[in-house]
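Quick notes on the structure that follows.
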Amino acid sequence: MIRLPSRREARMTETPAPHGGRLASARRLARWLTTPLLPDDYLHLLNPLWSSRELRGRIVDVVPETAQASTLVIKPGWGWNFDYRPGQYVGIAVQVDGRWHWRSYSLSSAPSRGQDTIAITVKAMPEGFLSSHLTSLQVGTVVRLAAPKGDFVLPEPPPDKILFLTAGSGLTPVMAMLRTLDRRGRTPDVVLLHSAPTEADVLFRAELQAMHRAHESLVLIERLTDRDGMLDLDRLADAVPDWAARETWACGPPAMLDAAERAWKARGISDRLHVERFSVDLAGAGGEGGTVTFGNSGKTVTVDGATTLLEAGEQNGVLLPFGCRMGICQTCVVPLAKGSVRDLRSGQTHQEGDRIQTCISAAAGDCVLDV
Amino acid sequence: MAITDIRAYAHLTDEDIDAIGAELDGIRKDIEAARGEADAAYIRRAIALQRALAAAGRITLFASSFPPAWVAGTAFLSLAKIIENMELGHNIIHGQWDWMNDPEIHSTSWEWDTTCPSAHWKHSHNFVHHKFTNVVGKDNDVGYGILRVTRDQKWHPVNLGQPVYNALLMLLFEWGVALHDLDLEKIRRREKDPKQTWKQLKEIGRKVRRQVLKDYVVYPALTGPQFLSTLTANATANLVRNLWADAVIFCGHFPDGAEKFTLEEFENETPQQWYLRQMLGSANFRAGRLMAFLSGNLCYQIEHHLFPDLPSNRYAEIGERVRDLCERYRLPYTTGSLARQYAETLRTIWKLSLPDRFLTRTTDDAPETRSERFPLPVAA
Numbered sequence: 006m007i008r009l010p011s012r013r014e015a016r017m018t019e020t021p022a023p024h025g026g027r028l029a030s031a032r033r034l035a036r037w038l039t040t041p042l043l044p045d046d047y048l049h050l051l052n053p054l055w056s057s058r059e060l061r062g063r064i065v066d067v068v069p070e071t072a073q074a075s076t077l078v079i080k081p082g083w084g085w086n087f088d089y090r091p092g093q094y095v096g097i098a099v100q101v102d103g104r105w106h107w108r109s110y111s112l113s114s115a116p117s118r119g120q121d122t123i124a125i126t127v128k129a130m131p132e133g134f135l136s137s138h139l140t141s142l143q144v145g146t147v148v149r150l151a152a153p154k155g156d157f158v159l160p161e162p163p164p165d166k167i168l169f170l171t172a173g174s175g176l177t178p179v180m181a182m183l184r185t186l187d188r189r190g191r192t193p194d195v196v197l198l199h200s201a202p203t204e205a206d207v208l209f210r211a212e213l214q215a216m217h218r219a220h221e222s223l224v225l226i227e228r229l230t231d232r233d234g235m236l237d238l239d240r241l242a243d244a245v246p247d248w249a250a251r252e253t254w255a256c257g258p259p260a261m262l263d264a265a266e267r268a269w270k271a272r273g274i275s276d277r278l279h280v281e282r283f284s285v286d287l288a289g290a291g292g293e294g295g296t297v298t299f300g301n302s303g304k305t306v307t308v309d310g311a312t313t314l315l316e317a318g319e320q321n322g323v324l325l326p327f328g329c330r331m332g333i334c335q336t337c338v339v340p341l342a343k344g345s346v347r348d349l350r351s352g353q354t355h356q357e358g359d360r361i362q363t364c365i366s367a368a369a370g371d372c373v374l375d376v
Numbered sequence: 215m216a217i218t219d220i221r222a223y224a225h226l227t228d229e230d231i232d233a234i235g236a237e238l239d240g241i242r243k244d245i246e247a248a249r250g251e252a253d254a255a256y257i258r259r260a261i262a263l264q265r266a267l268a269a270a271g272r273i274t275l276f277a278s279s280f281p282p283a284w285v286a287g288t289a290f291l292s293l294a295k296i297i298e299n300m301e302l303g304h305n306i307i308h309g310q311w312d313w314m315n316d317p318e319i320h321s322t323s324w325e326w327d328t329t330c331p332s333a334h335w336k337h338s339h340n341f342v343h344h345k346f347t348n349v350v351g352k353d354n355d356v357g358y359g360i361l362r363v364t365r366d367q368k369w370h371p372v373n374l375g376q377p378v379y380n381a382l383l384m385l386l387f388e389w390g391v392a393l394h395d396l397d398l399e400k401i402r403r404r405e406k407d408p409k410q411t412w413k414q415l416k417e418i419g420r421k422v423r424r425q426v427l428k429d430y431v432v433y434p435a436l437t438g439p440q441f442l443s444t445l446t447a448n449a450t451a452n453l454v455r456n457l458w459a460d461a462v463i464f465c466g467h468f469p470d471g472a473e474k475f476t477l478e479e480f481e482n483e484t485p486q487q488w489y490l491r492q493m494l495g496s497a498n499f500r501a502g503r504l505m506a507f508l509s510g511n512l513c514y515q516i517e518h519h520l521f522p523d524l525p526s527n528r529y530a531e532i533g534e535r536v537r538d539l540c541e542r543y544r545l546p547y548t549t550g551s552l553a554r555q556y557a558e559t560l561r562t563i564w565k566l567s568l569p570d571r572f573l574t575r576t577t578d579d580a581p582e583t584r585s586e587r588f589p590l591p592v593a594a
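Which chain is which? The protein sequence lines are A and B, in order. Using the numbering used here, the letters of the first sequence map in sequence onto residues 6 to 376. Using the numbering used here, the letters of the second sequence map in sequence onto residues 215 to 594.
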């Protein structure tokens, strides 16, 4: 995902032309009229989407999918590149009580030429302050966006035999892949093995069934865990006999993904398994907490051992680079100038001089970040 | 000698000073907890208003040869520049709005509409001035390196000309600000690495080029045959902004009652005494809502110095609490009308162009600087 560019960087690196080269040169000339601002700083006041300085989008539709989940259809503004790959995620920020809060969500829409909207599907988590806020957004709300990112993508051309192993809202990036395959009309041999508590909890159920009717090579296996119990990956062959022969994309809760990694590793075919972790288990070990100093601004914050350095910075108005916010993309990596921090996933500590990921690290005593 | 023992000067016990510090910490906590949607809406509205005024000014000046359009366009543009520098630029660069986590309204990304690069300002103002406020020899804003504004500064024959320097600084204020972080005093004493000076000059040059081209070449040229009238309008707008900014800023620390401090005081001070120095070293002026807005809420200079990074729209309510605190501890809360505060400032600048032997008061009991030898009245 993008690092939030400073205005200075924005000035130096010309943003890609939103509508062709002529407009770009017009904007470059117009900067002589608006300096030290950009033309976009004026234009976005007329229409929030008329700015490529920061990526924005407008909610154009909110589609309820299940009792807890809704799809947000978003029209991105200038500067958005629709050339994303199915399976990638975006950053989205909404303003709550005056403050912008960022999260990452997989795109559930399939990239296609001529499209002018994207979609993410959000499940309101009981303890998730932002997810419930997102699902109750009004049409017309302006959100901030960060460019699509991620390696959990369908290759081009797709392999001949595919297994999608998903649970809950882990279906969303796979849905983008299925929609892409469906649109091309040439679906390879695909098995989707999806777990959800009940039928009513299965996302996109009607659309999946319609896809199955349209392409007989697409097999759907629903695992309703309230009725059938959790999927046992040691007995995966009962459901998908040829699973080991399939290139597999798996997305779901950490326990399922850990089990999948063990199963694939046991067969010595780890390279055939692609995993996307949309939630990160930060229970590894708490840091001790302490005073965090952000070197460039000199700002200091006292935090507990459970708050990530990224959250600590953002809660105190320090703009830090970030990406996935779950420890996978390395966008948030900054040098640790002093002290030590703890990786909340593994409990491992990092010392002065290490480069650390702020999104999954917490203070282990007082520390200074070189950012 | 300016104030060395702030405790003796204020006649406060250590317990009092700690209690004052705790109370001020409490005010900060309350405001930080209260910041929310209404504050965010305030700054967004201020930005929208400023950009609308700027656009209106530029567009109106396409008829700049028509005198009423010249006047209206110049007025819009002057207001736009004043609001941008005072309520937006100065305050946003202080980080007053960083809590919003908005990359477009943030101290790390804001570049303001003046010849001084934001990065230089952050050093000379946010760091040097706000940390060393009124410490003679440390705070370069005590006379900006060209004026003697307290008799703690040694007189030099060059000071005879300071009524003139001051008038020039008023007219050319943005240029003074642009060069301020170069620290001419340090360059004169050869204490500054010429490489650093050169690097800064290049940065200033880049900013100046864009600012000057915009106001004095591009916009005038776009209005074709009205080149000259647009040019004079833009120059006037910059001048109006210079005069206003100079007046507001000079009223912050130069009126009577804004005390000066010695290096010794600074070196021995506690965080609570830091608060006290900010309070005793700053001066407010009375302003209605409009004037407060146009001054960037620097009519609440005392509150700004206590809490430089709290949102400016909250200074009025903070002011009520600070004033109440000052009354309870019998501390001065220096304020007055803008005219009076500015008149005192001018008087000091003119008067101090003379050597001390023509002056009756000393550094212990002068209007612009006192010491613990003439302390405040005892607290009740």
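Glycine residues also receive a C-beta, built at the ideal position from the N, C-alpha and C atoms.
*Does DSSP put A/Glu-319 in a helix, in a strand, or in coil?*
Taken through DSSP and simplified to helix, strand or coil, A/Glu-319 comes out as helix.
*Give a yes or no on contact between the segment 566-582 of chain B and the segment 460-472 of chain B, applying the rule of three or more CB pairs nearer than 8 Å.*
Yes: at least three Cβ pairs fall under 8 Å.
_Relative to the C-alpha of B/Glu-399, which candidate in B/Asp-353, B/Leu-386, B/Lys-409 and B/Ile-306 has its C-alpha closest?_
Of the candidates B/Asp-353, B/Leu-386, B/Lys-409 and B/Ile-306, the one whose C-alpha sits nearest the C-alpha of B/Glu-399 is B/Asp-353.
*asked:* On the CB-based measure, 16 or more other CB atoms within 10 Å of its CB, does B/Ala-255 come out buried or exposed?
replied: B/Ala-255 should be labelled exposed.
*Simplified DSSP assignment, three categories, for A/Cys-256*: Three-state result, A/Cys-256: strand.
*Sort B/Leu-494, B/Arg-420, B/Glu-534 and B/Trp-311 by Cα distance to B/Pro-331 and report the nearest one.*
Checking every option, the nearest Cα to that of B/Pro-331 belongs to B/Arg-420.
*Roughly how many angstroms separate the alpha carbons of B/Asn-315 and A/Leu-238, rounded to a whole number?*
Taking C-alpha positions only, B/Asn-315 is separated from A/Leu-238 by approximately 43 Å.
*asked:* Looking at B/Thr-450: is its Cβ nearer than 9 Å to the Cβ of B/Val-391?
replied: No, the Cβ-Cβ distance between B/Thr-450 and B/Val-391 is not below 9 Å.
*When we look at the beta-carbon of A/Ala-172 and count the other beta-carbons within 10 Å, is it buried (16 or more) or exposed?*
Classification for A/Ala-172: buried.
_For A/Val-179, the three-state DSSP class (helix, strand or coil)_ = Note: A/Val-179 maps to helix in three-state DSSP.
*Which class does A/Cys-372 belong to by DSSP, given the choice of helix, strand or coil?*
Under the three-state reduction of DSSP output, A/Cys-372 falls in the strand class.
*Classification of B/Ile-273 by the beta-carbon crowding that lies within 10 angstroms, buried from 16 upward*: Classification for B/Ile-273: exposed.
*With a threshold of 16 other CB atoms inside 10 Å of the CB of A/Ala-151, please say whether the residue is buried or exposed.*
It is buried - the Cβ of A/Ala-151 has at least 16 other Cβ atoms within 10 Å.
*Around the Cβ of A/Asn-301, are there at least 16 other Cβ atoms within 10 angstroms (buried) or fewer (exposed)?*
By the neighbour-count rule (16 or more Cβ atoms within 10 Å), A/Asn-301 is not buried but exposed.
*Closest by CA to B/Glu-318, which one among A/Lys-270, A/Arg-61, A/Leu-168 and A/Glu-357?*
Nearest of A/Lys-270, A/Arg-61, A/Leu-168 and A/Glu-357 to B/Glu-318, Cα basis: A/Arg-61.
*Roughly how many angstroms lie between the CA atoms of A/Leu-341 and A/Gly-358, to the nearest whole one?*
Rounded to the nearest angstrom, the two C-alpha atoms are 5 Å apart.
*Going along the chain, which residues of the segment 22-52 of chain A sit with their C-beta nearer than 9 Å to a C-beta in chain B?*
The segment 22-52 of chain A vs chain B, Cβ under 9 Å: Arg-36, Trp-37, Leu-38, Thr-39, Thr-40, Pro-41, Leu-42, Asp-46, Tyr-47, His-49 and Leu-50.
*Go ahead and pull the three-state DSSP assignment for A/Val-306.*
If DSSP states are grouped into helix, strand and coil, A/Val-306 belongs with the strands.
*Measuring only between beta-carbons, confirm whether B/Ile-261 sits less than 9 Å from chain A.*
Interface residue, yes.
*For A/Gly-328 versus A/Gln-320, is the C-beta distance shorter than 9 Å?*
Judged by their CB atoms, A/Gly-328 and A/Gln-320 are not nearer to each other than the 9 Å cut-off.
*Rounded to a whole number of angstroms, what is the C-alpha to C-alpha distance between B/Phe-464 and B/Phe-521?*
Cα-Cα distance, rounded: 19 Å.
_Per-residue contacts from A/Glu-319 into chain B (C-beta, under 7 Å)_ = Around A/Glu-319, the beta-carbon contacts reaching into chain B at under 7 Å are Asn-315.
*Following the continuous beta strand (DSSP E) through B/Ser-475, name the residue where it begins and the one where it ends.*
It should be noted that the sequence gives Phe, not Ser, for residue 475 of chain B. Taken as a continuous stretch (DSSP letters only), B/Phe-475 belongs to no beta strand (DSSP E), as it is neither H nor E.
*Under 8 Å Cβ-Cβ, which residues of chain B neighbour A/Arg-218?*
Correct list: empty, because the minimum Cβ distance to chain B is about 46 Å.
*Taking just the CA atoms, how far does B/Thr-322 sit from A/Ser-11?*
Here the model assigns A/Ser-11 a pLDDT of 37, short of 50, so the residue's position is not dependable and the matter cannot be decided.
*Listing by chain order, which chain A residues have their CB less than 8 Å from the CB of B/Asp-353?*
Those within 8 Å of B/Asp-353 in chain A number zero; the least Cβ separation is about 18 Å.
*Run of the alpha helix (DSSP H) containing A/Asp-46, from where it starts to where it stops*: It spans 44-51 - the alpha helix (DSSP H) in which A/Asp-46 sits, taken as one unbroken run.
_In the DSSP output, which residue or residues are listed as bridge partners for A/His-355?_
Answer is A/Val-346, bridged to A/His-355.
*asked:* Just to confirm my understanding: we take B/Ser-567, look at its own chain, exclude 5 residues before and 5 after, and list those with CB closer than 8 Å. What are they?
replied: Arg-362, Asn-373, Leu-374, Gly-375, Gln-376 and Pro-377.
*Can you say whether B/Gly-240 is buried or exposed, counting buried as having 16 or more other CB atoms within 10 angstroms of its CB?*
It is exposed - the Cβ of B/Gly-240 has fewer than 16 other Cβ atoms within 10 Å.
*asked:* I need the DSSP call for A/Ser-137, collapsed to helix, strand or coil.
replied: Helix.
*Return the first residue and the last residue of the beta strand (DSSP E) that A/Ile-167 is part of.*
Note, A/Ile-167: beta strand (DSSP E), 166-172.
_Any beta carbon from chain B within less than 9 Å of A/Trp-83's own beta carbon?_
Answer no: the Cβ-Cβ gap between A/Trp-83 and chain B never drops below 9 Å.
*Could you tell me whether the Cβ of A/Gln-100 comes closer than 9 Å to any Cβ of chain B?*
Judged by the 9 Å Cβ criterion, A/Gln-100 is in contact with chain B.
*asked:* Suppose the cutoff is 6 Å on Cβ atoms and the five residues either side in sequence are ignored; what does the same chain contact list for B/Phe-276 look like?
replied: By the criterion of a C-beta distance shorter than 6 Å, B/Phe-276 is surrounded in its chain by Thr-437, once the five residues flanking it on both sides are discounted.
_So the candidates are B/Gly-550, B/Asn-456 and B/Asp-429; which of them puts its Cα closest to the Cα of B/Ser-443?_
Of the candidates B/Gly-550, B/Asn-456 and B/Asp-429, the one whose C-alpha sits nearest the C-alpha of B/Ser-443 is B/Asp-429.
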